[in-house]
Amino acid sequence: MAQKILYSIECEMRSCPYTLGLGEPNLAGKPNLDYDAVCRPSELHSLKKSPYDHIDNYENHTVYTTHQVLESWVFVCQELLKRVTRRIEARDFEKAASDCYLIERIWKLLAEIEDLHLLMDPDDFLRLKNQLSIKTVDDTESFCFRSKGLVGMTKLCKELRHRVPYILDVEVDPKGGPRIQEAAMRLYSEKKIGSDSDSEKIHVLQALQAIESALKRFYYAYKQVLVVLMGSLEAKGNRVVVSTEICDSLSQIFLEPTYFPSLDAAKTFLGDSLNHEHGGGVGRSRRKQ
Numbered sequence: 001m002a003q004k005i006l007y008s009i010e011c012e013m014r015s016c017p018y019t020l021g022l023g024e025p026n027l028a029g030k031p032n033l034d035y036d037a038v039c040r041p042s043e044l045h046s047l048k049k050s051p052y053d054h055i056d057n058y059e060n061h062t063v064y065t066t067h068q069v070l071e072s073w074v075f076v077c078q079e080l081l082k083r084v085t086r087r088i089e090a091r092d093f094e095k096a097a098s099d100c101y102l103i104e105r106i107w108k109l110l111a112e113i114e115d116l117h118l119l120m121d122p123d124d125f126l127r128l129k130n131q132l133s134i135k136t137v138d139d140t141e142s143f144c145f146r147s148k149g150l151v152g153m154t155k156l157c158k159e160l161r162h163r164v165p166y167i168l169d170v171e172v173d174p175k176g177g178p179r180i181q182e183a184a185m186r187l188y189s190e191k192k193i194g195s196d197s198d199s200e201k202i203h204v205l206q207a208l209q210a211i212e213s214a215l216k217r218f219y220y221a222y223k224q225v226l227v228v229l230m231g232s233l234e235a236k237g238n239r240v241v242v243s244t245e246i247c248d249s250l251s252q253i254f255l256e257p258t259y260f261p262s263l264d265a266a267k268t269f270l271g272d273s274l275n276h277e278h279g280g281g282v283g284r285s286r287r288k289q
């Protein structure tokens, strides 16, 4: 059975430039993945011992393990975000875009990790919540914001928007003019055929927006997990009635405006101009008739 598993790993990894180094045959002689370059095992093992082992609850180990897995990936993502910044500053946009898509995938993975809570027994979980006295600093905050790593990761992802002017080779207009938007429109519409530089810039800009999308999807999904686990009142930040003016902390994240307004505006105006060029206005007037 062990050999079958190892050969399965070999088969799945055949298109990758590296092998996992778990004992699989490695018939192609590929180098092992350098785990230490991503996340040092010592830093993970130091988190293994639970300070709540004395709690007699079936779901105690599950909650703690799930939390540790999530925190490990958060740490990996923070290191990738630092590398993205370095690569953008070095104008290595191709590798920066590749890292950005890894970060997007990690946000999706974090949502899947949080979904593991849905497998827990509701009574056991709610008892454990009270046994551990799990509370937030502010009653209107959500439990996920107890993780400093997740909060920091979210902040770093949002700060990537400040790299857009550098990618587009423009400076921010101190008067608030559409300088960045116009540069983005030129890049999208006038990219030189065969120009690797223009293509790499577009790829990294698309990747930055992909991170934003994955980030907001994570917090939306997390809110749904809270509803299933603890009820809708907890997901609303302990408010019986939630007005449109005052949202809970999770809703504020996935409902807030785009982090890249200049890129959003550039695509909007570009799409509108192309629509007019191809007779989009005529089509609309006919439908009205």
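Counting in UniProt numbering, the sequence shown runs without a single skipped number right up to 289 at its last residue.
Note that CB positions come from ideal geometry on N, CA and C, so glycine has one too.
Here the structure is a predicted model, which means the values were calculated and not measured.
Grouping DSSP H, G and I as helix and E and B as strand, with all else coil, what is residue 32?
Three-state result, residue 32: strand.
Have a look at the DSSP bridge pairing and note the partners of residue 19.
32
Mark residue 14 as exposed unless 16 or more other C-beta atoms lie within 10 angstroms of its C-beta, in which case mark it buried.
Exposed, since its Cβ has fewer than 16 Cβ neighbours within 10 Å.
State the DSSP-derived secondary structure class of residue 260, mapped to helix, strand or coil.
coil
Would you check if there are 3 or more beta carbon pairs closer than 8 Å linking the segment 167-180 to the segment 99-113?
Short answer: they don't touch.
So residue 260 packs on residue 208, CB below 8 Å; how close in whole Å?
That pair is a contact at about 7 Å.
Report the CB separation of residue 162 from residue 97 in whole angstroms; it is logged as a contact under 8 Å.
Not really, about 17 Å apart at Cβ, beyond 8 Å.
Reducing DSSP to helix, strand and coil, say where residue 198 ends up.
helix
Over what stretch of residues does the alpha helix (DSSP H) that includes residue 111 continue unbroken?
Annotation: the continuous alpha helix (DSSP H) that includes residue 111 extends over 93-115.
Quick one: Cα of residue 126 to Cα of residue 111, how far?
21 Å
Do the segment 106-121 and the segment 68-80 meet, that is, are 3 or more Cβ pairs less than 8 Å apart?
Two segments are said to touch when three or more pairs of C-beta atoms, one from each, lie closer than 8 Å; by this definition the segment 106-121 touches the segment 68-80.
To the nearest angstrom, how far is the alpha carbon of residue 182 from that of residue 249?
34 Å
Under a three-way DSSP split, which group does residue 121 fall into?
coil
Pick helix, strand or coil for residue 278, following the three-state DSSP scheme.
coil
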